[in-house]
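Going by the numbering used here, the sequence shown opens with residue 11, and the numbers climb by one from there.
Backbone N, C-alpha and C define an ideal beta-carbon position, used for all residues, glycine too.
A quick write-up on the structure given underneath.
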Amino acid sequence: MSGMETSEGRQVVTLEQFIIERQADFEFASGELSHLLRDVGLASRIINREVNKAGLVDILGITGKENVHGEEVKKLDAFAHQELINALSRGGECSILASEEHDDIIPVTSATGKYVVLFDPLDGSSNIDVNVTIGTIFSVYRRTNTSKDIGDLREEVLKPGNQQVAAGYVVYGSSTMLVYTTGNGVNGFTLDPSIGEFLLSHPDMRIPERGKYYSTNQGYYHLFQDGMKQFLAHLQEEDKATGRPYSLRYIGTLVADVHRTLLYGGIFMYPATRKAPDGKLRLMYECNPMAYLIEQAGGKASDGFGRIMDIKPTELHQRVPLFIGSAGAVDTAESFLKKGPEFS
Ligand code: AHG
């Protein structure tokens, strides 16, 4: 892979160079997907700039509006949403967009682009005010019909995750990273703020077969299904041979929790609860793209009973339970849930 040389004589590969060189790996390559990914890279650098100065300027706070889920929309969410819309509508590669912050699909006027992009512009917004990691998630599909009818456009977006052609996330943490897949493995890029470029830092990421962390909001323990409670007890038991007990880590930002799980292995779970039988996370904006990335890295993603990416969506903002991480841990979670699907 060709790269560029820094002033210190280091060879580095930028996100743009990598995308262009990998273009040929993609079945339908015509340069448009590469362009689209570069647009996401650009939008995320702009979002990153605002995230970094969130405590300094009057961008932090609440707009007073609620999103379609009845949650407060913070200003930074609205900013990130608009930046992604701007970046993805400009290039002409996308004809339909959908955002977790908007109730309906967003047709791109007069665009005939091949792609449909769904995104969660700012995941983990409750963590913004306390300097804790937040993220952006995106999911890309190919458009299969060219009808302009709004009903057909809505149908076009409701595809199972197994039809994604690319997916990725940006994690705004102690450093900013962009991690993406186009179906040929997973690669991670760290933003070098001194030159404003994402540089290849984590080539061909693979999730460890086993990890030492589990991640879930254990505050809802009494609302969990019996199988989930038994699985937690299993993870907490001592057993040297299987590396138990696992330690608990929970950030409350899906991107950050899944990023750690990708690097260290283990399992992240946002299960069904008695009050929220479909869990909290959105299939189209959060679960499918994360499932694609983790599967591409050798892991698994399930709703507790079957593969996330095989779920046929019925609604844009549909929620599903999520169990994602090292393949063995997800299999074990499924085996517990199948034995105890009731809430008692
Ligand atoms: P939000 O963007 O509204 O803060 O939601 C974050 C999501 C997801 O990132 C995280 O995994 C989950 O909500 C945390 O929810 P709980 O607070 O219920 O644990």
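Candidates the options, of which the one nearest residue i by Cα
i: Y85; options: G41, V196, S135; result: Residue identity check: residue 85 is Lys in the sequence provided, not Tyr. If we check each option's Cα against that of K85, S135 comes out closest.
i: L326; options: N227, R153, M294; result: M294
i: Y179; options: G41, I144, D159, Q173; result: I144
i: G148; options: L210, A243, G51, F333; result: In the sequence as presented, Gly is not what sits at residue 148; that position holds Phe. Considering only alpha carbons, the answer is G51.
i: Q246; options: Q235, D139, S225; result: S225
i: P331; options: R284, S204, G338, L303; result: R284
i: V23; options: I30, R32, G13; result: G13
i: L273; options: H212, E31, S109, E352; result: H212
i: K124; options: D133, H112, G101; result: G101
i: S344; options: S354, K322, M319, A311; result: Residue 344 is actually Glu in this sequence, not Ser. Checked all of S354, K322, M319, A311; the closest Cα to E344 is A311.
i: G289; options: V340, L233, G253; result: L233
i: E110; options: T122, A97, D130, K349; result: D130
i: Y256; options: A243, V268, D267, Y230; result: A243
i: D320; options: N137, D139, T122, Q174; result: Q174
i: G198; options: I205, S204, S185; result: S185
i: D159; options: N137, T146, V118, H269; result: V118
i: G195; options: A266, S354, P351, R32; result: R32
Short Cβ contact (8 angstroms threshold) for residue i with residue j
i: G193; j: Q306; result: yes
i: V142; j: T263; result: yes
i: G309; j: F333; result: no
i: I106; j: R153; result: yes
i: L25; j: E103; result: no
i: P281; j: M238; result: yes
i: L94; j: A53; result: yes
i: Q328; j: R292; result: yes
i: E219; j: S336; result: yes
i: N58; j: Y190; result: no
i: R55; j: L201; result: yes
i: G171; j: I318; result: yes
Endpoints, the beta strand (DSSP E) within which residue i is located
i: L210; result: 207-212
i: I95; result: I95 -> not in any beta strand (DSSP E); alpha helix (DSSP H) instead, spanning 85-100.
i: Y224; result: 223-225
i: Y295; result: Segment: none, Y295 is in no beta strand (DSSP E) and carries neither H nor E.
i: A443; result: Residue 443 is absent from the structure shown; the chain starts at 11 and stops at 354.
i: S204; result: Unbroken run through S204: none, as it is neither H nor E.
i: S312; result: 310-312
i: I277; result: 277-280
Endpoints, alpha helix (DSSP H) assigned at residue i
i: D159; result: Run containing D159: none; DSSP gives neither H nor E here.
i: P299; result: 298-306
i: V181; result: Where V181 is concerned, there is no enclosing alpha helix (DSSP H), although the beta strand (DSSP E) it sits in stretches over 174-182.
i: A53; result: 42-62
i: I29; result: 25-32
i: A251; result: Neither: A251 is in no alpha helix (DSSP H) and is coded neither H nor E.
DSSP state of residue i mapped onto helix, strand, coil
i: K349; result: helix
i: F234; result: coil
i: Y190; result: strand
i: N141; result: coil
i: L290; result: Residue 290 is actually Lys in this sequence, not Leu. In the structure shown, K290 sits in coil (DSSP, three-state: anything other than H, G, I, E or B).
i: D114; result: coil
i: S257; result: strand
i: G198; result: strand
i: Q240; result: helix
i: G335; result: strand
i: D130; result: strand
i: R216; result: coil
i: T119; result: coil
i: S109; result: strand
i: V78; result: coil
i: Q328; result: coil
i: R20; result: coil
i: S149; result: strand
Cβ contact check for the segment 162-181 and the segment 294-305: 3 or more pairs under 8 angstroms: yes
The segment 219-236 in contact with the segment 87-101 per 3-pair CB rule at 8 angstroms: Cβ pair count under 8 angstroms is below three, so no.
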